[in-house]
Amino acid sequence: MASNTSKTARASVRAGQAGQGGALSVLGEFKYLIPLNGGKHAYVRNLTNGKTAHLRTDSEAFVEEIRVLAAAGHAAKIRAEINNLNATHPGDGWDATEKRLVEAGVFEG
Numbered sequence: 008m009a010s011n012t013s014k015t016a017r018a019s020v021r022a023g024q025a026g027q028g029g030a031l032s033v034l035g036e037f038k039y040l041i042p043l044n045g046g047k048h049a050y051v052r053n054l055t056n057g058k059t060a061h062l063r064t065d066s067e068a069f070v071e072e073i074r075v076l077a078a079a080g081h082a083a084k085i086r087a088e089i090n091n092l093n094a095t096h097p098g099d100g101w102d103a104t105e106k107r108l109v110e111a112g113v114f115e116g
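First residue of the sequence shown: 8, per the working numbering; consecutive thereafter.
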C-alpha cells in the first residue's frame with residue numbers, strides 16, 4: 008500500500024525528529040536579529056521561548072535578551088550575525104552594539 012504523504016513531508020518530519028533533544032533543526036538559515044530603523048531597534052527571535060521581542064539595541068532589555076540566548080548556547084552564532092550586520096550595514100552602529108554586549112559579558116562562558 009502506497010503512502011499518501013509526500014517525499015518532502017516525510018523528510019521534514021524526519022528532520023524534525025532528528026532535532027529533538029534541545030537542538031533546532033530548520034530548513035535554511037535562522038536569523039536571531041532582524042534589524043530595524045537603521046540599527047536603532049531590532050527584532051530578537053528567541054528560540055528558547057518562541058517569542059520575538061522588539062527592542063532598542065542600546066537598551067538593557069536587548070542585552071538581557073541576547074544574554075539568555077547566549078546562555079542557551081547561541082553566543083557564537085549571534086556574534087557572527089552581529090559582525091555580518093556590521094559588514095552589511097556599516098553605518099548602523101552594530102560595532103557599538105557588539106562592544107556593549109562584550110562589555111556586559113554576554114559572550115563569556
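Even glycine gets a Cβ: it sits at the ideal position worked out from N, Cα and C.
Of all the options the options, which has the alpha carbon lying nearest to the alpha carbon of residue i?
i, options, result
"THR64", "SER13, LYS106 and THR55", "LYS106"
"ALA103", "THR95, ILE89 and SER13", "ILE89"
"THR59", "GLU67, ALA49 and SER66", "ALA49"
Using a Cβ-Cβ cut-off of 8 Å (strictly less than) and excluding sequence neighbours within five positions of residue i, which residues of its own chain qualify?
i, result
"HIS81", "TYR39 and LEU54"
What would DSSP say about residue i, mapped onto helix, strand or coil?
i, result
"HIS96", "coil"
Taking the straight line between their C-alpha atoms, what separation do you get for residue i and residue j?
i, j, result
"ILE41", "ALA16", "28 Å"
"VAL112", "HIS96", "In the sequence as presented, Val is not what sits at residue 112; that position holds Gly. Roughly 24 Å between the two C-alpha positions."
"SER19", "ASP99", "37 Å"
"GLU72", "ARG52", "9 Å"
Can you give me the Cβ contacts of residue i inside the same chain, cut-off strictly under 7 Å, excluding the 5 residues immediately before and after it?
i, result
"LYS47", "ARG63 and THR64"
"ILE108", "The amino acid occupying residue 108 in the given sequence is Leu; Ile does not appear at that position. Counting only Cβ-Cβ distances below 7 Å, and skipping sequence neighbours, we find VAL70, ILE73 and PHE114."
Check whether chain C comes within 9 Å of residue i, counting only Cβ atoms and requiring the distance to be less than that.
i, result
"GLU115", "Checking the listed chains, one finds no chain C in this structure; it contains a single protein chain."
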